[in-house]
Amino acid sequence: MAMGIERMKPLHNFSLPWDLKWVMLIVGDEWDELAVGFEVDEQRSLRDKAKGGVLKNVLMAKVKEGTSESQIEQLIQSYANLVNLVDPMKPFHWGKELSIAKQEEGYTRVFETTFESVEGMAQYVAHPAHHFVKLFLPNLEIMCFIAAPEQQVMRPSKTLPKYRLC
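In terms of the UniProt record's numbering, the sequence shown is residues 1 to 166.
In C-alpha cells, the structure reads:
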C-alpha cells in the first residue's frame, strides 16, 4: 500500500470547535520522506497565545514485522527523550493499543505528544531533533496521525442533584 494523504472535512453541518482549516490523516506503509504540517487560521494563533492553547498529537501505528522488541524499546526511548530536547514539547505518553477495533485495523501502538501551542509544534518541526522522524517512521508499517487542540470539560462548581439508578 502506498502512502496516501487525505484531508478530512466535517460531515453535513457538523462544525469543529476549533479553527483548523484541515487535519492531515496519513496512512501508508512506504516512508521515504514525510512532511507533517497543517494550516491554521490567524485568529486561532492569536487565541492560542491568549489562552495558552495546548495541541495534542496522537499517532497510532503498527511496527513492521521483524522489528525486535529491543529496537522498539530504543525507538520509544528516543521518542520520549524529545521532551528534553524541544522546549515547547510537553508530556509524552505511549502504550500498546488495546482497542479491539483498532487492533483489527492493524494498529499496535499509540503515542501521544503534547505541545504548549500550535506555534510550539511549528518550533518542533523546525528543530534539529525533528530529524528523529527519519529514523522512526521507516520502522512503521501503517500509521494514522491526528493533531487537534486540547478540549477540557470542567466539573460544574455547584453540586449536581444525585440520581438513583434503576
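Glycine included, each C-beta is placed from N, C-alpha and C at the ideal position. Here the structure is a predicted model, which is why all the values come from computation and not from measurement.
Exposure of residue i, with buried meaning 16 or more beta-carbon neighbours within 10 Å
i	result
residue 17	Only weak support is given to the placement of residue 17: the predicted model assigns it a pLDDT of 41, under 50, and the value that follows is read from those uncertain coordinates. Result: exposed.
residue 78	exposed
residue 62	buried
residue 85	exposed
residue 66	exposed
Contact under 8 Å by Cβ, residue i with residue j
i	j	result
residue 148	residue 90	no
residue 117	residue 88	yes
residue 136	residue 75	yes
residue 94	residue 115	no
residue 113	residue 92	yes
Expected contact under 8 Å - CB spacing of residue i and residue j to nearest Å
i	j	result
residue 143	residue 60	7 Å
Under the three-state DSSP convention, the category residue i falls into
i	result
residue 95	strand
residue 28	With a pLDDT of 37 at residue 28, under the threshold of 50, the modelled position of this residue cannot be trusted; read the value that follows with caution. In the structure shown, residue 28 sits in coil (DSSP, three-state: anything other than H, G, I, E or B).
The alpha helix (DSSP H) enclosing residue i, as first and last residue numbers
i	result
residue 73	69-85
Range of the contiguous beta strand (DSSP E) that encloses residue i
i	result
residue 195	As shown, the chain starts at 1 and ends at 166. That puts residue 195 outside it, with no answer to give.
residue 63	55-63
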